[in-house]
Amino acid sequence: MSTPSQTVGPYLGLGLPWDDGPSVVDEGTPGAVWIRGVVYDGAGKLVPDALIETWQADADGRFDHPDDPRGATSGFRGFGRCPTNDEGEYGIRTVVPGALPGEAPHINVSVFARGLLHRVVTRIYFPGNAEANAADPVLAAVPEDRRGTLIATESGDGYTFDVRLQGEGETVFFDV
Amino acid sequence: MTALSDSGLILPRYRRDPEGTHPPLDSPGYKSTGLRHPKQPLVLLPHKLTEITGPLLGPGRLGEFDNDLTRQHPEEPQGQRIIVHGRLLDGDGRPVPNSLVELWQANAGGRYKHVWDNWPCPVDPNFDGVGRAVTDSEGRYEFTTIKPGAYPWKNHDNAWRPAHIHFSVFGTAFTQRLVTQMYFPDDPLFSQDPIFNSVPDEKARQRMVSRFDLSRTVPEWALAFEFDIVLRGREATPFEDEEDE
Ligand SMILES: [Fe+2]
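Residue numbers (the working numbering), protein chains in the order written: chain A, 1 to 176; chain B, 1001 to 1245.
Right under this line is the structure:
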């Protein structure tokens, strides 16, 4: 039996942020974009004590991981981590992942916060991939009227992806 | 152990934990869950490439005294010196080697070195309460630190958190990511703590309680506690080419 999950509590900012956490790729990397967003609670108030973590394939759709049966890659870190600030905002600098076999380009997201006894997991999809998104089996399993919560919108330097933990426009969360 | 997914790739899958292992997101005794738990049902996520892979973070992320919280300042912190050690395992008892373990905690009086923590207990200038370690080839990790104190938190009348250390681990797959809290044996504050008691299953709850470990105490120096962390295991039986979880 697994060790149970517990909340990160209000002081996650002590232990979890890294200086290079938001940088999945370095500044100046070709194709680099910022994915920014705000985390909201069920009253529409911003959440200043959350942490966003991202996990994704590289621009060619590959993971630097021994369980990816397609073989080794360039050493792409694939992981991003950013606490929300006093305005509930986070930002991750990365590249848009490539498509995976049978899946549209996406980024897995874990959200941790005070008041979350277990992480909640969502996915970021991209607005330019209408055809691939329409064929994606994970999106297809989401009620149509809620799919939009998983699709980022274009912004000045990349994409916007807000997270609504509860209530109106609640983000779709997954049971992993 | 593996399944031929609809993409034609052979991929491992991870077992789901039995009901009661993890706290429900809606746990009214812990008031902050009220406006922060999703109310819509979770959508089942099949285990594909993004789920069965994950960040493999290791030695590159460690500084010299990251696993000794008593040596991060010129002077030693106040409090009871302890060794906290254990193994990072998957659900089949296999060690998870070369894997990052992060922790953060309050000082001996129960105060965090955080701008939002302002209860009347002094900050210890010689204690940051932040540590990192990487598991060895057998999944073992070890920290030297100070036993944290209990602290009040206003969740309910006269609410006190039992002494605890926050732990963050990755395992080898996105499915295994875990943040938990380590508690100390026989804490009289367990009975009134809605966070500890948010875990429905009694046996699962006891997995968060460390064990006093006389064999690892250091004479004239430090007490010791053992805390193994168990992550989800892989499916033991092969699956057909369908997503049937
Ligand atoms: Fe805490």
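The beta carbon of each residue, even a glycine, is placed where N, CA and C say it ideally should be.
For Ala130 of chain A, the enclosing alpha helix (DSSP H) has its first and last residue at Ala130 to Ala134. Annotation: Glu1051 of chain B to Phe161 of chain A spans about 20 Å, alpha carbon to alpha carbon.
Scanning the region 59-138 of chain A from its first residue to its last, the whole alpha helix (DSSP H) runs of 4-plus residues come out as 130-134.
Per DSSP, the beta bridge partners of Pro1152 of chain B are B:Trp1160. With a cutoff of 8 Å on beta-carbon distance, Phe1167 of chain B and Pro1055 of chain B are scored as not near each other.
Annotation for Arg1205 of chain B: the continuous alpha helix (DSSP H) segment containing it runs Glu1202 to Gln1206. Nothing from the region 1143-1162 of chain B brings a Cβ to less than 7 Å from some Cβ of chain A.
Judged by the Cβ position, Tyr11 of chain A qualifies as a neighbour of ligand 1 at the 7 Å threshold, a heavy atom of the ligand being closer than this. Close partners of Asp1117 of chain B in chain A (Cβ separation under 7 Å): Tyr11. The Cβ atoms of Val1101 of chain B and Thr1135 of chain B sit closer than 8 Å to each other. Contact annotation: in the region 22-33 of chain A, no residue has its CB less than 9 Å from a CB in chain B. If you look at Leu1214 of chain B, you'll find it isn't in any beta strand (DSSP E); DSSP assigns it neither H nor E. By the Cβ test, the region 106-116 of chain A is not in contact with the region 68-75 of chain A, since fewer than three Cβ pairs between them sit closer than 8 Å.
Under the DSSP definition of a beta bridge, Arg1111 of chain B lacks any partner.
Excluding the 5 residues flanking it on each side, Ala1108 of chain B has same chain C-beta neighbours closer than 6 Å at Gln1078, Gly1079, Ile1146 and Gly1149, in chain order. Excluding residues up to 5 positions away in sequence, Trp1153 lie with their Cβ nearer than 6 Å to the Cβ of Ala1159 of chain B in the same chain. With contacts defined as CB atoms closer than 8 Å, Ser2 of chain A and Arg1232 of chain B qualify as a contacting pair. Not a single CB atom of chain A sits nearer than 8 Å to the CB of Gly1029 of chain B. DSSP places Glu170 of chain A outside both helix and strand once states are collapsed to three, so it counts as coil.
With its beta carbon less than 8 Å from one in chain A, Phe1174 of chain B belongs to the interface.
Going by beta carbons, Glu1138 of chain B and Pro1095 of chain B fall inside the 8 Å limit. Identification of chain B residues near Asn108 of chain A by a Cβ-Cβ cut-off of 8 Å yields Thr1050, Glu1051 and Phe1174, ordered along the chain. Pro105 of chain A is outside the set of residues whose beta carbon lies under 8 Å from a beta carbon in chain B. Shortest gap from the CB of Arg1161 of chain B to any heavy atom of ligand 1: under 7 Å. Burial is judged here by how many other beta carbons sit within 10 angstroms of a residue's own beta carbon; Glu103 of chain A has at least 16 and is buried.
For the pair Gly15 of chain A and Ala50 of chain A, the Cα-to-Cα distance works out to about 13 Å. Look at Glu1076 of chain B here: in three-state DSSP terms it is coil, with no helix or strand label. Under the 8 Å criterion on CB atoms, Phe126 of chain A is classed as non-interfacial with respect to chain B. Relative to the non-hydrogen atoms of ligand 1, the Cβ of His1114 of chain B never comes closer than 7 Å to any of them.
Contact fails between the region 141-151 of chain A and the region 78-92 of chain A, because fewer than three Cβ pairs, one in each stretch, are under 8 Å apart. With contacts defined as CB atoms closer than 8 Å, Pro97 of chain A and Ala57 of chain A qualify as a contacting pair. For Thr3 of chain A, the chain B residues whose C-beta falls within less than 7 Å of its own C-beta are Leu1178, Thr1180, Arg1207, Met1208, Ile1229 and Val1230, listed in chain order. With respect to Ala1163 of chain B, Phe1184 of chain B sits close: the two C-beta atoms are nearer than 8 Å. With a threshold of 7 Å, the Cβ atom of His1166 of chain B counts as near ligand 1, since some heavy atom of the ligand is closer than that.
The beta-carbon distance between Ser5 of chain A and Val1130 of chain B, rounded to whole angstroms, is 20 Å. This is too long to meet the 8 Å contact definition.
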